[in-house]
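All remarks here apply to the structure that follows.
Residue numbers (the working numbering): 2 to 266.
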């Protein structure tokens with residue numbers, strides 16, 4: 002892949018190089034105060050070091066140079082606790098697994114967790130991270146090394162947790178991803194994703210005009226998409242830089258009232 006090749010190692014395409022953001026360099030060890038046996042399956046590889054290495058090798062699709070903070074992982078995974086089991090949960094763009102770890106802590110053996118990651122080294126780490134989760138009281142877990150648009154799956158999910166850096170992608174790619182989320186999310190389901198605060202302002206003074214235009218188009222697309230959901234948004238200040246967590250809840254449409262055949266007789 003050449004220096005100016007717009008194809009990403011993940012298979013996604015962007016117009017130009019995104020801005021690298023230094024996030025909280027602490028790897029996530031837990032989202033709960035009490036220890037749980039699922040944590041014993043975590044590999045010994047330092048997630049922050051791996052994340053840094055991959056960020057600089059192929060930073061256009063990583064979008065940051067360190068894993069998410071504990072506070073961000075908590076906020077991103079909180080909606081899964083609102084569903085009755087057995088639950089189906091999909092995580093997309095898992096990276097080295099900080100949010101995956103949070104999901105393992107929140108889910109039970111009757112639940113199913115599907116994890117999607119395009120980076121082969123991240124995917125290998127995620128398989129090691131989740132390998133024995135079910136045996137230690139966690140959910141049944143499956144890691145898919147694939148783009149979400151290409152993943153063959155007929156399961157519908159109660160919750161989708163997206164860690165993809167949308168503003169690093171071309172608008173058409175973002176549209177395809179959101180369309181796939183629509184197909185996979187159940188009625189009454191919830192989608193969470195995050196974005197770093199201040200990126201538009203930073204990009205406006207450091208990036209090319211084309212990059213600024215693309216960033217604006219993606220934000221407009223996401224704004225339009227959110228109008229179809231009940232929306233909640235919160236700022237996670239305990240992340241560096243601070244992050245906005247968007248929570249999109251799909252309403253359950255009521256079943257149509259039965260028609261009395263005598264009325265139309």
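Every residue, glycine too, gets a C-beta built ideally from N, C-alpha and C.
request  = Report yes if the C-beta distance between residue 156 and residue 78 is below 7 angstroms; otherwise report no.
outcome  = no
inquiry  = Closer than 8 angstroms is the cut-off here; do at least three beta carbon pairs connect the region 185-196 with the region 239-252?
reply    = yes
task = Mind reading off the beta-carbon distance from residue 177 to residue 150? Whole number of angstroms is fine, and I expect it under 8 angstroms.
result = 5 angstroms
task = Take residue 198 and list the residues in its own chain whose beta-carbon comes closer than 8 angstroms to its own, dropping the five residues that flank it on each side.
result = 236, 242, 243, 244, 245
Minimum C-alpha distance to residue 108 - residue among 181, 163, 87, 74 = 87
request  = Would you check if the distance between the CB atom of residue 144 and the CB atom of residue 165 is smaller than 7 angstroms?
outcome  = no
Cβ-based neighbour list, residue 100, same chain, cut-off 7 angstroms, excluding 5 preceding and 5 following = 69, 74, 77, 78, 92, 162, 164
query = In whole angstroms, what separates the C-alpha of residue 158 from that of residue 230?
reply = 16 angstroms
ask   = So residue 212 is in the alpha helix (DSSP H); what residue range does that whole segment cover?
value = 210-227
query = By Cβ distance, which residues of its chain are closer than 8 angstroms to residue 222, with the 5 residues on each side in sequence left out?
reply = 172, 175, 176, 179
ask   = How many Å lie between residue 250 and residue 84 at the Cα?
value = 12 angstroms
ask   = Among residues of its own chain, excluding the 5 on either side of residue 112, which ones have a beta-carbon nearer than 8 angstroms to its beta-carbon?
value = 86, 87, 88, 89, 90, 140, 141
query = How far does the alpha helix (DSSP H) with residue 244 in it reach, from first residue to last?
reply = Counting along the chain, residue 244 falls outside any alpha helix (DSSP H), though it belongs to the beta strand (DSSP E) covering 244-250.
ask   = What is the residue span of the alpha helix (DSSP H) that residue 73 lies within?
value = 71-78
query = How many angstroms separate the CA atom of residue 181 from the CA atom of residue 132?
reply = 27 angstroms
task = Evaluate residue 80 with the Cβ neighbour count: other Cβ atoms within 10 Å of its Cβ, from every protein chain shown; 16 or more gives buried, anything less gives exposed.
result = buried
query = Start and end of the alpha helix (DSSP H) containing residue 100?
reply = 99-107
ask   = Taking just the CA atoms, how far does residue 122 sit from residue 215?
value = 29 angstroms
request  = Out of 154, 138, 118, 103, state which residue places its alpha-carbon closest to the alpha-carbon of residue 186.
outcome  = 154
query = Alpha carbon to alpha carbon, what distance is there between residue 96 and residue 120?
reply = 8 angstroms
task = Tell me where the beta strand (DSSP E) around residue 91 begins and ends.
result = 89-93
query = Anyone know if the C-beta pair for residue 167 and residue 213 falls short of 7 angstroms?
reply = no
message = Is the separation between the beta-carbon of residue 124 and that of residue 118 shorter than 7 angstroms?
response = yes
ask   = Cβ of residue 134 within 7 angstroms of Cβ of residue 105?
value = yes
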